[in-house]
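**Q** Structure below; questions to follow.
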Amino acid sequence: MTRMTMIEAIRDAHAVAMEADDDVIVMGEDVGFFGGVFRCTAGLQQRFGVDRCFDTPISELGIVGTAVGMAAYGLKPVVEIQFADYMYPGYDQIVSEAARLRYRSAGEFTCPMVVRMPTGGGIYGAQTHSQSPEALFTHVAGLKTVVPSNPADAKGLLLAAIAEPDPVIFLEPKRLYNGPYDGHHDRPSVPWSKHPDGEVGNGHCITPLGKARVMREGTQATLLTYGTMVHVALAAVEEAGVDVEVIDLRTLLPLDLDAIVASVNKTGRCVVLHEATLTSGFGAELAAQVQAECFYHLEAPVLRVAGWDTPYPHAQEWDYFPGPDRVRRAIETVMED
Amino acid sequence: MTRMTMIEAIRDAHAVAMEADDDVIVMGEDVGFFGGVFRCTAGLQQRFGVDRCFDTPISELGIVGTAVGMAAYGLKPVVEIQFADYMYPGYDQIVSEAARLRYRSAGEFTCPMVVRMPTGGGIYGAQTHSQSPEALFTHVAGLKTVVPSNPADAKGLLLAAIAEPDPVIFLEPKRLYNGPYDGHHDRPSVPWSKHPDGEVGNGHCITPLGKARVMREGTQATLLTYGTMVHVALAAVEEAGVDVEVIDLRTLLPLDLDAIVASVNKTGRCVVLHEATLTSGFGAELAAQVQAECFYHLEAPVLRVAGWDTPYPHAQEWDYFPGPDRVRRAIETVMED
Amino acid sequence: MPEERAPHLNVPAPGIRPGGEPDFTHVSIPAAGEVDRPAPDTPPEEMRDLAFTIIRVLNRKGEAVGPWAPEVAPEMLLQGLRDMVKLRTYDARMMTAQRQGKTSFYMQHLGEEAISCAFQRALRKGDMNFPTYRQAGLLIAAGYPLVNMMNQVYSNDADPVRGRQLPVFYSSKQHGFFSISGNLATQYPQAVGWAMAAAIKREKKLAAAWIGDGSTAESDFHGALVFASTYKPPVILNIVNNQWAISTFQGIARGGAGTFAARGHGFGIPALRVDGNDYLAVYAAAQWATERARADLGPTIIEFVTYRTGGHSTSDDPSAYRPKEEGLAWPLGDPILRLKAHLIALGVWSEDRHTQAEAEIKAEVVAAQKEAEAIGTLHTGRRPSPRDMFEDVFAEMPPHLVRQRHEVGY
Amino acid sequence: MPEERAPHLNVPAPGIRPGGEPDFTHVSIPAAGEVDRPAPDTPPEEMRDLAFTIIRVLNRKGEAVGPWAPEVAPEMLLQGLRDMVKLRTYDARMMTAQRQGKTSFYMQHLGEEAISCAFQRALRKGDMNFPTYRQAGLLIAAGYPLVNMMNQVYSNDADPVRGRQLPVFYSSKQHGFFSISGNLATQYPQAVGWAMAAAIKREKKLAAAWIGDGSTAESDFHGALVFASTYKPPVILNIVNNQWAISTFQGIARGGAGTFAARGHGFGIPALRVDGNDYLAVYAAAQWATERARADLGPTIIEFVTYRTGGHSTSDDPSAYRPKEEGLAWPLGDPILRLKAHLIALGVWSEDRHTQAEAEIKAEVVAAQKEAEAIGTLHTGRRPSPRDMFEDVFAEMPPHLVRQRHEVGY
Ligand SMILES: Cc1ncc(C[n+]2csc(CCOP(=O)(O)OP(=O)(O)O)c2C)c(N)n1
Ligand SMILES: Cc1ncc(C[n+]2csc(CCOP(=O)(O)OP(=O)(O)O)c2C)c(N)n1
Ligand SMILES: [Mg+2]
Ligand SMILES: [Mg+2]
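Residue numbers (full-length UniProt numbering), protein chains in the order written: chain B, 1 to 337; chain L, 1 to 337; chain D, 1 to 410; chain S, 1 to 410.
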């Protein structure tokens, strides 16, 4: 075990996978010599050669489109989109091609690839460096969607994603790259070296896809979340003084419905939390499933806390970001109902 | 009033708008001389000139991207994407540009445009001529999303959309172009000329955005739907012999929440129905809102009937399409709970 | 300084519309044999002319002339003729089958048979095509069984893609034919990626990408050219310019450019422009490009100039937007007639043998059709199960899909 | 036939990395005055050479030479010099302000000032730029108040875009400056669309699109060129080739192409390649292109050759990927020094007057900064309200947003 930042953990996962399998290749904007604007691929080109980790032209379409061809050939491309906000030019190749190739060829051609992208806000990145587009992926049949919330999972889930025979969208909450973040922007930031989940296993340690993790057991309500919001949720729960069970979903699709249902049936109340805009966000799917599966156990409506239905602003970062105050209020509301 | 197909009604709406306002222009693939693969723009080039209705290169990016520039200039582009399944190359320009221009320039530049596209299945179009991507638009702040279910609304809503000062996504259920369709694929098809909603007002008759329509009053349950599924729902309700209130949402965003809440509070049960894949479909948003707003009136969980979470297949068209049988079963289930 | 005037919108239009007299005098066509054949390793900037002319081999007398005339055994050409006749016969049967309601949709190749049939002959096992819906000749020339194609068109229980795809969206890895997408142009960067993979693995394989004239306007065309130009993998970027994109003539996509082939010049990629109705010219160009790819010289663009004689698909009636007789006026002639004339001129073929071959091929197609129909068609016989609908979304079916499948009762 | 060999992946790389000796000997630079200036209505195919050279006006002695030397009053050039100094001074202040935590982010123009400052001078009221984040000189040359720019950078309560955008993402319709997008290249087709609108309305306005070398790889670049080539609206498609795209050298986007300008040739669009560090050359090229647009001759591409002397943004440290001294080795020199030398050579300027002007401009910038900071910075003073966050999503706030706004308490 080694203490790592999430960046180091992601780098390590790449290195482990590339070491184990020559077919794993890495490409994206600035990922080669420089090692990525967040440095998640630093050192890979130097270690594995320019054939296996290289810079691409600024074309998300080209990155995903050529990766589909590489994957069909038999390679395992792990590609980086510099920010999730810039994935749209590659969205057609993800949705219409990567996600459907196995289906439309009845398994003859497949697309084992990982599309990594930093997501989420909290870094004053404004509308084009803060988005959380997970719901645009979970709506698409044929994609798996993963969001780690700490270095250990970032490594474990990325290794699991690389091992998948199908395309995986890997969303990295950039606010967590260097440390956990509980949403208290006025307090000093904490590095991963001071957090237990900064402890990352050596070598090939996998966190399986499709398994949620109970971050805090609780009896009075269930809080479903993922990514940066896991840490916000934990802080808010302490502040609310309510015994809330906090679940880190880790994989949004396939969803660990069993874990969700077990918890909500136990607590009878549920809050869903994410950074993405509220309407048609992944929280809608969670709320819809929870009310359907746990209807007779629910003592209050499922409550959603999410980004407002506006673009992500710059100056109003902390008014937009669903921080611990909003989460605490939601917990209080769901307990009142 | 004139009896029209939905195609004729859409054509008429274009003509009325173009007649009234020189700034309305129409472009898209094959929309010019030929009048569109579904003939929705037939005759417009001949009538209004090649400057105001013209063919474009096959580039959905170019269509939407240049339309954003035209709209910012002061025109009102009404553009056609040949099939909703092909909107992805233009998605970035819709999401990152059209939807955000007013916001990011604080109202200095705006984007009054309409993006029309045929959606939905039921025509053996397989995975690339059958998609219903509405949830990919409702998740995006800054877009309005409209789905008519009959010729009268197609004209009225399209005129309303053209009058909007902001971008509107206008989804046309292609299965309804020539007649209503209740999902009984083994029965003869009915033309609009035999249906009261084929009666379309002359001239500038608007159906306002954001207002749902109660298609059938009922007391025992509420069925929320839109597009082709409105007709399937009506048929299924008759077959179920349950007194279900059927609501045609018409506009998904902004949503007529008042109409929804009033109905569900009255009936205490709710089924949500759409063609799009289930997970993260617009039905999730509807279910999430209904359970939140009507929790204490609900006697059963909100039930979703939707396309399966697979690509839309060809041979299995009727196994995929959420037809009257599935809807009837859902009504029965929601009544049992 | 030129005089100021208000701008106007230039909307290119074909000269002739229904009712008008077809006219192709603006298409300048060099005589067969006229164009030089540079060595495949000539620097791109020294052979720019090849993008502005038309490489042709078969002249009016049916002779194969000039430096591009390939050295081929007559047997290969006879096989090529059979391939083309087979494709045309197959198309005709399937067009009828669609009208008879045996399937939902079909797309034919009428007039364009030479391109895919001849191109395939320059490929080797292990090479991969990334085709559009109008290159079924690649499969036929690769020996893919007709009955499989029909099963796909009928979406019956023996359809290799389990009824999931629109008719003509074939897939056969073994025959070097990548699964067809309904989204235009997406296969173009994929082909480049596939070739990049071959380069990364240093394996002697090449990819051939296919796109229509209209579809070159799509973003994927650019993405493909950018990546091909940068990484120089073994890929051949084919453009089939059949003059039409549904109802839209090629001038809308081409705009002010001289030719589609010339789009390659901005990327430093060599580009040929070739008579697509000339089996020998297609083959020769394909060979030249494969030689480049196999010598690690990087990508090549080929624009095949042809004419879409039929409707875009069974959903299309071209008489609404172009003169009915335009196809007859098309100056590059019919690919089957031209190769046939050549073979007769060579003395290895005759009208009689052709008639006989046509009958044999028809019998073969009819037999395959019977076999396919005995299995089923879109609405009759044995059809894929609803169960198949849930398979292959993922390698392993996740719980939510299992639940949905159970809901259908499977 | 070239010999067969296994393909390899060609990954272009800059010759020199940190620690190496900067070397630009591979950049071939013609002498100032050497390139012909064809009449703007010359057919594109007769002036292809202009995409493979560099149009330069100012020679080493500070003289304006050759056919591209524009006829301009010294007053205009003096103003140009002031614009550039102002931009550089402003940049320096804002870089410091960012380091002081007064804002989150900044992007400077160091070395590229001539391009946007000179280009704007060829435009008229009513013309519209569709800029990237590195053309603030367009605003300065158009007389946009510095304090507005600072308010935007500080996201304070007087920010014209209400704190919603990242610093430097200005917007001013009145000054012909389209709202900047964080998504690269999207403004390119929008500029074409804007020009198409002018053509449809037959109004004498033109659009100028801006893009970086790296961003030409994006899909939008292609979409823009396709539509520009087809409809020929009055648009100028500028490419700022500053050699770098964050850490990626221009060879990755350019691949095998000779130049970025040459990408226009495949579309039949005339293309110039211009010394971007030469105020007079930039102005002359801009004028030539505007003459074309204003005479309804359609689009023009201009590649400005320059060098990004600073980091990509305040988040970037270029010493990690290129030699620190590369900027000094850049052979086209510094745009301010070059124009200054010219004005001194003309006898209308002197070192003393320059020093004095610098001081005046600095005072002006400092005064504006004081004014802006008196209003507020990102974390202090008067800032946009959370209420503003909900405005302008739509013209009228729909019910769900009103509800959300109420939830925040506004
Ligand atoms: C992304 C996308 N946009 C639009 C379509 C609809 N469409 C199908 S074929 C076609 C015309 C293609 O023309 P061309 O590329 O010239 O090929 P051809 O049919 O002539 O072989 C169009 C517009 C599509 N399939 N995909
Ligand atoms: C669609 C998109 N992809 C990626 C980025 C991230 N990004 C911002 S600037 C930049 C480099 C742009 O380089 P270039 O076009 O040469 O412009 P320059 O910064 O040199 O002026 C990148 C990759 C982005 N903003 N948008
Ligand atoms: Mg075509
Ligand atoms: Mg650059």
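Backbone N, C-alpha and C define an ideal beta-carbon position, used for all residues, glycine too. No experiment lies behind these values; they were computed from the predicted model shown.
Select from D/Arg294, D/Pro335, D/Arg164 and D/Arg322 the residue whose C-alpha is nearest the C-alpha of D/Thr306.
**A** Taking only the C-alpha atoms, the option nearest D/Thr306 is D/Pro335.
**Q** Applying a beta-carbon distance threshold of less than 8 Å, which residues of chain S neighbour B/Ser59?
**A** Here the neighbours are Ala217, Glu218 and Ser219.
**Q** What residues in the region 381-404 of chain D have a beta carbon less than 7 Å from any beta carbon of chain B?
**A** Going along the region 381-404 of chain D in chain order, one finds Asp392, Val393, Phe394, Ala395, Pro398, Pro399 and His400 with a Cβ nearer than 7 Å to chain B.
**Q** Return yes when at least one heavy atom of ligand 1 lies under 7 Å from the C-beta of D/Leu184, else no.
**A** At least one heavy atom of ligand 1 is nearer than 7 Å to the Cβ of D/Leu184, so yes.
**Q** Indicate, with yes or no, if ligand 3 has a heavy atom lying under 7 Å from the CB of D/Gly212.
**A** D/Gly212: yes, Cβ under 7 Å from ligand 3.
**Q** Kindly list, in the order they appear in chain A, the residues whose Cβ is closer than 9 Å to that of B/Gly74.
**A** In summary, chain A is missing from the structure at hand, where the protein chains are B, L, D and S.
**Q** Please name the residue, chosen from B/Glu29, B/Asp248, B/Pro173 and B/Leu157, that lies closest to B/Gln82 on a Cα-to-Cα basis.
**A** When each option's Cα is compared against that of B/Gln82, the closest is B/Glu29.
**Q** For D/Gly111 and B/Val140, what's the separation of their Cα atoms in angstroms?
**A** Rounded to whole angstroms, D/Gly111 to B/Val140 spans 39 Å at the Cα level.
**Q** Between the alpha carbons of residue 342 of chain B and B/Thr225, how many angstroms are there, rounded?
**A** This structure cannot speak to residue 342 of chain B, because chain B is shown only from 1 to 337.
**Q** If you measure from the beta carbon of D/Gln165 to each beta carbon in chain L, is any gap under 8 Å?
**A** Interface residue, yes.
**Q** Give the single residue among D/Arg405, D/Leu78 and D/Pro14 whose Cα lies nearest to the Cα of D/His354.
**A** Here the closest residue by C-alpha is D/Leu78.
**Q** Taking beta-carbon pairs under 9 Å, can you tell me which members of the region 186-203 of chain B lie near chain S?
**A** Residues passing the 9 Å Cβ filter: none.
**Q** Tell me which residues of the region 8-39 of chain S have at least one Cβ-Cβ distance to chain D shorter than 9 Å, keeping chain order.
**A** Those would be His8, Leu9, Asn10, Val11, Pro12 and Ala39, in chain order.
**Q** First and last residue of the beta strand (DSSP E) that includes L/Gly28?
**A** Segment Val24 to Gly28, the beta strand (DSSP E) holding L/Gly28.
**Q** In whole angstroms, what is the alpha-carbon distance linking D/Ala136 and D/Leu87?
**A** Distance between the alpha carbons of D/Ala136 and D/Leu87 is about 8 Å.
**Q** Report yes if the C-beta distance between D/Gly223 and S/Ser219 is below 8 Å; otherwise report no.
**A** In this structure, S/Ser219 lies closer than 8 Å to D/Gly223 by Cβ.
**Q** Have a look at S/His312 and D/Tyr188 and give me their C-alpha separation to the nearest angstrom.
**A** Cα to Cα, S/His312 sits roughly 32 Å from D/Tyr188.
**Q** With 16 other CB atoms within 10 Å as the buried threshold, where does S/Val402 fall?
**A** So S/Val402 counts as exposed.
**Q** Is S/Asn242 near ligand 2 - that is, is its Cβ less than 7 Å away from at least one heavy atom of it?
**A** Because some heavy atom of ligand 2 lies under 7 Å away, the Cβ of S/Asn242 counts as near it: yes.
**Q** When every heavy atom of ligand 5 is checked, does at least one fall within less than 7 Å of the C-beta of S/Ala158?
**A** The ligand content of the structure shown is limited to ligand 1, ligand 2, ligand 3 and ligand 4, which means ligand 5 is not among them.
**Q** Across the region 37-57 of chain S and the region 268-275 of chain S, are there enough close Cβ pairs to call them in contact, namely three or more that are closer than 8 Å?
**A** Yes: the two stretches touch, three or more of their Cβ pairs being nearer than 8 Å.
**Q** Please classify S/Met94 as buried or exposed, where buried requires at least 16 other C-beta atoms within 10 Å of its C-beta.
**A** So S/Met94 counts as buried.
**Q** I need the DSSP call for B/Thr277, collapsed to helix, strand or coil.
**A** Reduced to three states, the DSSP call for B/Thr277 is strand.
**Q** Our contact map puts L/Glu97 next to S/Gln190 with C-beta atoms below 8 Å; I'd like the distance itself, whole angstroms only.
**A** Confirmed, Cβ separation roughly 7 Å.
**Q** If you pair each beta-carbon of the region 261-270 of chain B with each one of the region 119-129 of chain B, do three or more pairs fall below 8 Å?
**A** Touching, no, given that fewer than three Cβ pairs across the two stretches are closer than 8 Å.
**Q** Using 7 Å as the cut-off, classify the Cβ of S/Arg308 as near or not near the heavy atoms of ligand 4, replying yes or no.
**A** Checking the Cβ of S/Arg308 against ligand 4 gives yes.
**Q** Please state whether DSSP places L/Arg3 in a helix, a strand or coil.
**A** Three-state DSSP puts L/Arg3 in a strand.
**Q** Can you tell me the Cα-Cα spacing of D/Ala329 and L/Val64, whole angstroms?
**A** Taking the straight line from one Cα to the other gives about 37 Å.
**Q** In angstroms with no decimal places, state the Cα-to-Cα distance between B/Thr267 and B/Val146.
**A** Rounded to the nearest angstrom, the two C-alpha atoms are 26 Å apart.
**Q** Would you kindly report the start and end of the unbroken beta strand (DSSP E) that includes L/Thr119?
**A** Unbroken beta strand (DSSP E) run through L/Thr119: Val114 to Thr119.
**Q** Which residues, taken in chain order from the region 218-248 of chain D, show a beta carbon closer than 7 Å to some beta carbon of chain L?
**A** Listed by position along the chain: Glu218, Ser219, Ala245, Ile246, Ser247 and Thr248.
**Q** For S/Thr103, which residues in the same chain have their Cβ closer than 8 Å to its Cβ, ignoring the five residues on either side in sequence?
**A** Here the set comprises Met94, Ala97, Val153, Tyr154, Ser155, Pro167, Thr377 and Leu378.
**Q** At a cut-off of 7 Å, is B/Ala67 close to ligand 2 when judged by its beta-carbon and the heavy atoms of the ligand?
**A** Result no, Cβ not under 7 Å from ligand 2.
**Q** Have a look at S/Ala341 and S/Ile140 and give me their C-alpha separation to the nearest angstrom.
**A** Each residue's Cα considered, the two are about 22 Å apart.
**Q** Can you pull the chain B residues whose beta carbon is under 7 Å from the beta carbon of S/Val408, in chain order?
**A** The contacting residues are Asp319.
**Q** With H, G and I counted as helix, E and B as strand and the rest as coil, what does DSSP make of S/Asn148?
**A** Note: S/Asn148 maps to helix in three-state DSSP.
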